[in-house]
Amino acid sequence: MLPDAATCYAAMLARDPAFDGRFFTGVTSTGIYCRNVCPARPPLAKNCTFWPSAAAAAAAGFRACKRCRPDAAHGSPTWSGSAASVRRGLTLIDAGQPTDALGDRLGLGARQVRRLFARHLGTSPVAAVQAKRLAAAVRLIDDGTMPMAEIALASGYGSVRRFNEAFAGIHGESPSTRRRRRAGETMMHLRLSRYAAPVGELLVVTDPDGTLRALDFIDYDERMRRLLARHYPVFTLHDGAVPAVIVAALDGYFAGDVGALGQVPVATGGSVFQKSVWAALRTIPAGSTMSYGALAAQLGNPGGARAVGIANGANPIGIVVPCHRVIGANGTLTGYAGGMARKQWLLAHEQGAQTTGTQTTGTQTTGTQTTETRAAQPRLI
Ligand SMILES: [Zn+2]
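Structure follows, in structure tokens:
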């Protein structure tokens, strides 16, 4: 008999050997099932489903844990004797055999099949099929945006209502509750602050760890929010202070220590390719520039200048991830998401600081800079 969920969970936390083999835990967040004595860190209670046998957990679509090897547990009656018929029955179910025809295929009466399933799996053939379908549904619910009605159909249910009932019966919550809960778990709570820079007021977005997630100019607020929405499907944005370590780095940078931004922790969403481009940008030293083609070649894709240019333009973390240091092959500044005047200002600032080391910028006011105020022009390559 399967102990109740609270007892099972307590037995897991205690790794109580007296319960070994009496139930198995299917972890919905990982798709793995375990013995209660598993040495791995116990999963959260809300992610646990409990099964009377290893075979029942496996039939529900969970894979055996490689650490506690529930599929090879000693003392479990599951894999001995007439379990062979049950295993064969499960294989037939997997292959699409209707459950009411199992007896014929196994050379057993229908009642005997039900009794064997009940004894070895603690469940009926119909329930085993249902558990398997519902485990497949979990992946669709968590992975994608497929509407619930389609998931219900794909999982073999004729109506959303029946799907909801069956799902809640096994998982303890409705499919839509699960989807909302999972979405809530990946919610990004972001903090928006402002920094008055000589080149214009900056919007600084950080996460709860103080990692920089976005940096843009105040007149590009809308673009910044659009990029955030693309990278973080669900996020909140509330006003707050710029973390001290980022203030110090920005102060240092604008005061002429142009390498100061190198240590600012950053993180972004985006594709693997975009991330590789943005990581490469941070390797271009302040005071120098690189062409799109050279950056593409550095990334191992000499023909990829255009793709690099597009990724460069989608960089959500201006200045700190220095997309302004990338210029055209012919030495022109090409474009800049924050406006050409600012690109020119930043490059001149970095090169001025590199050559003189004493350029002061603290008295600059916000707004568009004109090039005649700069002593040093960008050195273009
Ligand atoms: Zn385990």
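Just so we're aligned: 102 in the working numbering is position 121 of the sequence shown, and the numbers increase by one with no gaps anywhere.
Ideal Cβ positions, reconstructed from N, Cα and C, are used throughout, including at glycine.
**Message:** So, for G243: in the same chain, excluding its five sequence neighbours on each side, which residues have a beta-carbon less than 6 Å away from its beta-carbon?
**Reply:** none
**Item:** Inter-residue spacing [alpha-carbon to alpha-carbon] between W60 and R50
**Value:** With a pLDDT of 42 at W60, under the threshold of 50, the predicted position of this residue should be treated as unreliable, though the coordinate-derived value follows. Approximately 13 Å between the Cα atoms of the pair.
**Message:** DSSP has C15 in a bridge; who is on the other side?
**Reply:** T6
**Item:** DSSP-derived helix/strand/coil call for A40
**Value:** helix
**Request:** Count the CB pairs spanning the segment 205 to 220 and the segment 286 to 299 that are closer than 8 Å, and state whether there are at least three.
**Result:** yes
**Request:** Determine which residues share a DSSP beta bridge with S174 and list them.
**Result:** V185
**Asked** For L193, which of helix, strand or coil comes out of DSSP?
**Response** strand
**Asked** With 16 other CB atoms within 10 Å as the buried threshold, where does R159 fall?
**Response** buried
**Asked** Between A116, R68 and A278, which lies nearest to G150 when the distance is taken from Cα to Cα?
**Response** A116
**Asked** Quick one, which of F43, P266 and M(-7) has its alpha-carbon nearest P20's?
**Response** M(-7)
**Request:** Express the C-alpha separation of I265 and A277 in angstroms, rounding to a whole number.
**Result:** 13 Å
**Request:** Return yes when at least one heavy atom of ligand 1 lies under 7 Å from the C-beta of A21, else no.
**Result:** yes
**Message:** I'd like to confirm the pairing. Which residues does DSSP put opposite I298 in its beta bridges?
**Reply:** L196
**Message:** By alpha-carbon positions, which one of L25, V245 and R143 ends up nearest to T192?
**Reply:** V245
**Asked** If you measure from the CB of R16, is any heavy atom of ligand 1 nearer than 7 Å?
**Response** yes
**Asked** Ordered along the chain, which non-local residues of its own chain (more than five positions away) have a Cβ less than 7 Å from that of N28?
**Response** V8, T9 and S10
**Message:** On the criterion of 16 or more Cβ atoms from any shown chain inside 10 Å, does E331 qualify as buried, or is it exposed?
**Reply:** buried
**Message:** Please report the distance separating the alpha-carbon of A229 from that of G320.
**Reply:** 25 Å
**Request:** Check whether the segment 219 to 233 touches the segment 174 to 183, counting contact only when three or more Cβ pairs, one atom from each stretch, lie closer than 8 Å.
**Result:** yes
**Message:** Is C(-11) close to ligand 1? I mean its beta-carbon at under 7 Å from any heavy atom of the ligand.
**Reply:** no
**Prompt:** Within this structure, are the beta carbons of D52 and A45 separated by less than 8 Å?
**Reply:** yes
**Request:** Just list the alpha helix (DSSP H) runs in the segment 62 to 117, keeping only unbroken ones of 4 residues or longer that don't cross its boundaries, in chain order.
**Result:** 64 to 75, 83 to 87 and 91 to 102
**Simplified DSSP assignment, three categories, for A318** = coil
**Prompt:** How many angstroms separate the CA atom of L196 from the CA atom of L208?
**Reply:** 11 Å
**Asked** Looking only at C-alpha atoms, which of V180, A65 and L171 sits nearest to V186?
**Response** L171
**Request:** Going by DSSP, name the residue or residues bridged to V247.
**Result:** L193
**Asked** Alpha carbon to alpha carbon, how far is G139 from S105?
**Response** 20 Å
**Prompt:** Going straight from the alpha carbon of S136 to that of P24, what length do you get?
**Reply:** 26 Å
**Request:** Could you tell me which residues DSSP puts in a beta bridge with S272?
**Result:** I308
**Prompt:** Would you say T270 and V307 are within 8 Å of each other, going by their C-beta atoms?
**Reply:** yes
**Request:** Compare the beta carbon distance of V379 and H101 with 8 Å and say whether it is the shorter of the two.
**Result:** The structure shown has nothing for residue 379, since the chain only spans -18 to 362.
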